[in-house]
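Quick note, the sequences are listed as chains A and B, same order. Each residue of the first sequence is one higher than the one before, starting from 318 at the first, in this note's numbering. Each residue of the second sequence is one higher than the one before, starting from 2 at the first, in this note's numbering. See structure below.
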Amino acid sequence: MPSRGFRRRALLRAAVVGPLAAAATGCADLNRPLGLGGFVRVAVSWSATELAAFQRVLGPRLDDCQLVPLGDDIDAAFGANVAGRPDIVALPQPKLVSGKLTSLAPLPPEVWDRGYDGFWSGQLPSRDGRHYALPFKVAHSSVVWYRKRFFAEHGLTPPTTWVEWLELNERIVERTGTAALALGGADGWFLARFFENVLLRQFDGVYAALVAGERGAWGSADVRTAFAQVARMWGGREVLAGGAERALVAQYPEAVLEVFRYHRAAMVPAPDFAESVIRAFDVLDDDVGTFTFPAAPGLGRRLVVSGDLLVLTAPASEEAENVLRHLADPAAPVPWIRDTGGFIAANPGTDLGNYSPTLRVLARQLTTHDLHFGLTDKVPLGGVLQTVLQDLLRALAAGTEPAAAASAASSAMAGAAE
Amino acid sequence: MSPEIRVDDGLRLEVSGRGVAGGLRSPGMRGGWNYLLGLPAVVLLVLLMTPMAWTLVLALSAPWGAGNFVDILTDPDALRSIWHSVLWVVIGAVLLVAGYAIAVLSRVVSTLWRVLLYLMILPFGVSAMVSGAVFRMIFDPNGERGTASALVGGVTWLGPDLIWWVLGSAFAWSWLGFVVVLFRAGLDANIGFGRRFGNLRLPRVGPVSAIVVLTVLVAAIRVFDLVLIAAPASISGDVDVIGLLWWRMTTGSTETGAPAALAVLLFAVVGVLSLFGTRWGGRGTQPVAVPMPEPVSARTRRWSAGIGVLVCLMWTLPLVVLVGTALHTPAAAGTGGWWRLDGFGFASLASVADTWLWPALTRSLSIAVPATVLVVACAVPAAYLLTWRLPHRTAGALTVLLGVLAVAPVQMYAGPLSHLLAGTPALISLVHAAAGLPFATLVLRAAFAAAPRTVTDTRPALDAVWRRGRYRPALVAVSVLEFVLVWNDFIVGFLIGGPADSPLALLLWGEARQFATSAGTVAAGAVVSALIPVVLLLGTWRTVVAGLTGRTVG
Numbered sequence: 318m319p320s321r322g323f324r325r326r327a328l329l330r331a332a333v334v335g336p337l338a339a340a341a342t343g344c345a346d347l348n349r350p351l352g353l354g355g356f357v358r359v360a361v362s363w364s365a366t367e368l369a370a371f372q373r374v375l376g377p378r379l380d381d382c383q384l385v386p387l388g389d390d391i392d393a394a395f396g397a398n399v400a401g402r403p404d405i406v407a408l409p410q411p412k413l414v415s416g417k418l419t420s421l422a423p424l425p426p427e428v429w430d431r432g433y434d435g436f437w438s439g440q441l442p443s444r445d446g447r448h449y450a451l452p453f454k455v456a457h458s459s460v461v462w463y464r465k466r467f468f469a470e471h472g473l474t475p476p477t478t479w480v481e482w483l484e485l486n487e488r489i490v491e492r493t494g495t496a497a498l499a500l501g502g503a504d505g506w507f508l509a510r511f512f513e514n515v516l517l518r519q520f521d522g523v524y525a526a527l528v529a530g531e532r533g534a535w536g537s538a539d540v541r542t543a544f545a546q547v548a549r550m551w552g553g554r555e556v557l558a559g560g561a562e563r564a565l566v567a568q569y570p571e572a573v574l575e576v577f578r579y580h581r582a583a584m585v586p587a588p589d590f591a592e593s594v595i596r597a598f599d600v601l602d603d604d605v606g607t608f609t610f611p612a613a614p615g616l617g618r619r620l621v622v623s624g625d626l627l628v629l630t631a632p633a634s635e636e637a638e639n640v641l642r643h644l645a646d647p648a649a650p651v652p653w654i655r656d657t658g659g660f661i662a663a664n665p666g667t668d669l670g671n672y673s674p675t676l677r678v679l680a681r682q683l684t685t686h687d688l689h690f691g692l693t694d695k696v697p698l699g700g701v702l703q704t705v706l707q708d709l710l711r712a713l714a715a716g717t718e719p720a721a722a723a724s725a726a727s728s729a730m731a732g733a734a735e
Numbered sequence: 002m003s004p005e006i007r008v009d010d011g012l013r014l015e016v017s018g019r020g021v022a023g024g025l026r027s028p029g030m031r032g033g034w035n036y037l038l039g040l041p042a043v044v045l046l047v048l049l050m051t052p053m054a055w056t057l058v059l060a061l062s063a064p065w066g067a068g069n070f071v072d073i074l075t076d077p078d079a080l081r082s083i084w085h086s087v088l089w090v091v092i093g094a095v096l097l098v099a100g101y102a103i104a105v106l107s108r109v110v111s112t113l114w115r116v117l118l119y120l121m122i123l124p125f126g127v128s129a130m131v132s133g134a135v136f137r138m139i140f141d142p143n144g145e146r147g148t149a150s151a152l153v154g155g156v157t158w159l160g161p162d163l164i165w166w167v168l169g170s171a172f173a174w175s176w177l178g179f180v181v182v183l184f185r186a187g188l189d190a191n192i193g194f195g196r197r198f199g200n201l202r203l204p205r206v207g208p209v210s211a212i213v214v215l216t217v218l219v220a221a222i223r224v225f226d227l228v229l230i231a232a233p234a235s236i237s238g239d240v241d242v243i244g245l246l247w248w249r250m251t252t253g254s255t256e257t258g259a260p261a262a263l264a265v266l267l268f269a270v271v272g273v274l275s276l277f278g279t280r281w282g283g284r285g286t287q288p289v290a291v292p293m294p295e296p297v298s299a300r301t302r303r304w305s306a307g308i309g310v311l312v313c314l315m316w317t318l319p320l321v322v323l324v325g326t327a328l329h330t331p332a333a334a335g336t337g338g339w340w341r342l343d344g345f346g347f348a349s350l351a352s353v354a355d356t357w358l359w360p361a362l363t364r365s366l367s368i369a370v371p372a373t374v375l376v377v378a379c380a381v382p383a384a385y386l387l388t389w390r391l392p393h394r395t396a397g398a399l400t401v402l403l404g405v406l407a408v409a410p411v412q413m414y415a416g417p418l419s420h421l422l423a424g425t426p427a428l429i430s431l432v433h434a435a436a437g438l439p440f441a442t443l444v445l446r447a448a449f450a451a452a453p454r455t456v457t458d459t460r461p462a463l464d465a466v467w468r469r470g471r472y473r474p475a476l477v478a479v480s481v482l483e484f485v486l487v488w489n490d491f492i493v494g495f496l497i498g499g500p501a502d503s504p505l506a507l508l509l510w511g512e513a514r515q516f517a518t519s520a521g522t523v524a525a526g527a528v529v530s531a532l533i534p535v536v537l538l539l540g541t542w543r544t545v546v547a548g549l550t551g552r553t554v555g
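Okay, here's the thing in structure tokens:
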């Protein structure tokens, strides 16, 4: 009895599971998922709406491509074994390119636009006159987003100096009961961008020294003061939405929503690509305003940027080069710019008319100002900086005085640099 | 038909090499060609052991013999991660006690029990990645999105103070069902009473406790992807475990000695657990069938029913959260909880289906199916040889070896293998098969050894293993567990495979990069990825339990 019953049940189960498995594999175009070749594999760090936007950018080429979203592990695209490497990789940091030159194929010469020469050439390694990384996306990271209507209602204006910003925060908290700032401290880069803006736009010289690799500069008085300024702002009474601990575990899109969706904070310091979050979650256009991080006199033309670069892994196939040629077209990113938002093309040929009014201002700034890559994207200690800033936020959450937290942070940073 | 599992006799998963095969082997057997049957298994084990030996060499090299170990044991970060791994063992132990208690109570409320069983075993088919994701959704500190925060406001659940509760709950959700079901099967064997605490006499679970204790403790100490997805990056230090620290050390620097030493340390801990855990679990007097007196008062019944209902609700919630979130549009799921009545739709599912879902499903299938076939094909002859053909002492020694290999952490062989295998999907199946082979062989051997007392020929031919229905539950158990394990795998794909493999769990992890605001698509991907293993497990779990406990399905 048991064995016959068992057999019947097994058949029933096979009947249930079989079609399911078939349905799981049958729906999609069979060639692509089965890995039977012919398509170009593109590894990107984008996810969610940005990934969908990139698919639209690939447009007619999408059928030839398979996307491999690797998130923050984009480095894994260059695993030890050559066999499984994607054909094209979108790298989010210039420092990732220089270490991998031997694994890369040179770009087809015609995709390099003259307009890249000025800023990008100095950032990107080249060899024998050939370029290896195609600038695709550039992010304006000196932006602070704020709620226009809220500012208008309470008669507030965006700050132009650091002192004004501190006063503004106090006024917001006292007058409105709303928090001044939302932070996404779970994303280390988010805090690092804040710090980099303070350092680049408030202090002359030290930023260049750090980028040049002078480790001693991490112990300088300027860096210490910058930490103190940051800690003072974050540690202000009720300045952070939900408190420092919430800020520590929130990621950057959550911080954007705290401001524009839940209205629990007035401002969020986030790069231009925050626009994609704002648009994905239906925020009214007339509520969205931006200002640039306050700068010391004479330093206002400096902007922190980051960028995504497309590289071809060696040996590059004809198809991969064709996909790259398509992506290098000035019009290629237009679907991302128009439909999703939060994208500024690195290609100077892309028409500014495609951007939303908010992003057009930022895109224009990028063509006229001095651009500086973030420290996290340039120097090896960038990772440590992120951890140190998260620890600073954590200390504030635990009730440590801002001054003490800042001095612990600068000691930790100076110690790591030694 | 009652859901109880009828008992013929117990099964013990021995790694000590004593006893099990005693009296089964006919003395004076010859015929070396038989041993060729074990060749595929030996090849797979060599594939596993060579990189492990290499890791051991790395750990013991430069600067001097034990130098790397001293470095680790004096490094505060490493010490913290070791302490956290110990904490996971404690969590595992608590889970075992709770599982035992629920199993005992479940005998009092038999109707409710049937519902409870299906509910509790279901999450066992869900990957750790998915279970971590669900609990991060439940405990989202934002009250508009997180269930727990909506109920209890003002608490930062994912913060450094409470994150361990979140992780512990996710682990319990995955594993408690497995513990309860197997303990219950053991209790139903009516083996009698064990320890006595005052008036309380604890019913004995029997030999199956060895499998349960070992599996859960080893799973607890090897926790990896659960922590990776559930904890925000900013507090990763607070929940760091040996396995994760190993990963950060290998990706963060080119140093090989210290991470190798860390892997060896982890392996040593689970190896010792395996050796002693099974020995302790399998010990005890011979099973004597004692009819269990069950003088259950109405009050006890009420209490048991109450606890049963509570567990039912607690185990259902994560499922509701997951499916409810997946059925909201990405915009609705990113800004509000699953309970919101607006924003329902299939847009999240459509979004993942448009991007990465189908290729990933096929990829996972193309890794899991060959791995399962390979494991069964290699483990059956190996177990057959161990049970009936090999000399007693050799079989015993090999069993000890398999018991230790069965718990070997991926970190022990990932380093050297990733250099050879990354980007070759077929070979990843091979690694999975090699990793799954020891456990499969042990289960099959125990099933083979437990049977022949009722069979006339003590040494059957190999093909009789299938023809004789007696062993089929064990074969089903091994196949189902291997398939579910490989399908749900993150760590092997992550540490050894490259982007070329990109199975489900890996892409889900990429999708979860901006966790809270991607909740819709993450949940959608999670639901689809969990469907196949869950259906498979629910369809076969009774046979699986029978296979693991050496019983027939009633």
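Yeah, the Cβ is synthetic: ideal placement off N, Cα and C, and Gly gets one too.
A direct Cα-Cα distance of roughly 27 Å separates A:Val600 from A:Glu484.
Residue ranges of uninterrupted alpha helix (DSSP H) with 4 or more members, entirely inside the region 109 to 143 of chain B and ordered along the chain, are 111 to 122, 129 to 139. Segment contact: the region 79 to 91 of chain B against the region 441 to 449 of chain B, fewer than three CB-CB distances shorter than 8 Å; contact not assigned.
Bounds of the alpha helix (DSSP H) holding A:Ile489 are 479 to 493.
Cβ-Cβ distances below 8 Å link B:Ile122 to Gly178, Phe179, Val182, Leu538, Leu539, Trp542 in the same chain, with the five nearest sequence neighbours on each side left out; the list follows chain order. For the region 229 to 242 of chain B, the set of positions with a beta-carbon nearer than 7 Å to some beta-carbon of chain A reads Pro233, Ala234, Ser235, Ile236 in chain order. Ranking A:Ala369, A:Arg618, A:Thr478, A:Phe453 by CA distance to the CA of B:Ala348 puts A:Ala369 first. Here the region 468 to 482 of chain B does not lie against the region 413 to 421 of chain B, with fewer than 3 beta-carbon pairs under 8 Å apart.
At least one beta carbon of chain B lies nearer than 9 Å to the beta carbon of A:Asp390. Per the DSSP secondary-structure output, A:Ile405 pairs in a beta bridge with A:Val359, A:Leu629.
Shown here, A:Lys454 sits in a strand according to DSSP, grouped into three states. Put simply, the CB of B:Pro161 is near chain A, with a gap under 9 Å to one of its CB atoms.
The C-beta of B:Arg390 has 16 or more other C-beta atoms within 10 Å across all chains shown, which makes the residue buried. Of all residues in the region 493 to 523 of chain A, only Gly502, Ala503, Asp504, Gly505 come within less than 8 Å of chain B when Cβ atoms are compared, listed by chain position. Per the DSSP secondary-structure output, A:Phe608 pairs in a beta bridge with A:Val461.
Inter-residue distance for A:Asp404 and B:Leu362 is about 22 Å (C-alpha atoms, whole angstroms). Below 8 Å, too few C-beta pairs join the region 391 to 411 of chain B and the region 226 to 236 of chain B to call them touching: fewer than three. For A:His689, the enclosing beta strand (DSSP E) begins and ends at 687 to 690. In this structure, the alpha-carbon of A:Pro611 lies about 43 Å from that of B:Phe345.
In the three-state scheme derived from DSSP, where H, G and I count as helix and E and B as strand, A:His448 is classed as strand. The three-state secondary structure of B:His329, taken from DSSP, is strand. Distance from the CA of B:Asp78 to the CA of B:Ser132, rounded to the nearest whole angstrom, comes to 27 Å. In this structure, B:Val224 lies away from B:Pro534, with their beta-carbon atoms at least 9 Å apart.
Around the CB of A:Pro614, fewer than 16 other CB atoms lie within 10 Å, so the residue is classed as exposed. Ranked by how close their Cα comes to the Cα of A:Ala496, the residues A:Phe395, A:Met550, A:Ser443, A:Asp521 have A:Met550 in first place. The shortest C-alpha to C-alpha distance from A:Glu575 to any of A:Ser537, A:Ala631, A:Pro586, A:Ala499 is the one to A:Ala499. The criterion of a C-beta distance shorter than 9 Å is satisfied by B:Val213 and B:Leu97. At a Cβ-Cβ threshold of 9 Å, B:Ile73 and B:Ala259 count as neighbours. For B:Ser430, not one C-beta of chain A is nearer than 9 Å to its own C-beta.
Proximity of chain B to A:Gln383 at the Cβ level (cut-off 7 Å) is accounted for by Pro360, in chain order. From the beta-carbon of A:Pro386, the residues of chain B found nearer than 9 Å are Thr356, Trp357, Ser503, Leu508, Gly511, Glu512, Arg514. With respect to chain B, the C-beta atom of A:Ser458 has no partner C-beta closer than 9 Å. In this chain, the alpha helix (DSSP H) harbouring B:Leu399 covers 393 to 406. In this structure, the alpha-carbon of A:Pro452 lies about 57 Å from that of B:Leu549. Residue burial annotation: B:Trp166 is exposed, with fewer than 16 other C-beta atoms found within 10 angstroms of its C-beta. The region 372 to 381 of chain B and the region 514 to 523 of chain B do not touch, with fewer than 3 CB-CB distances between them shorter than 8 Å.
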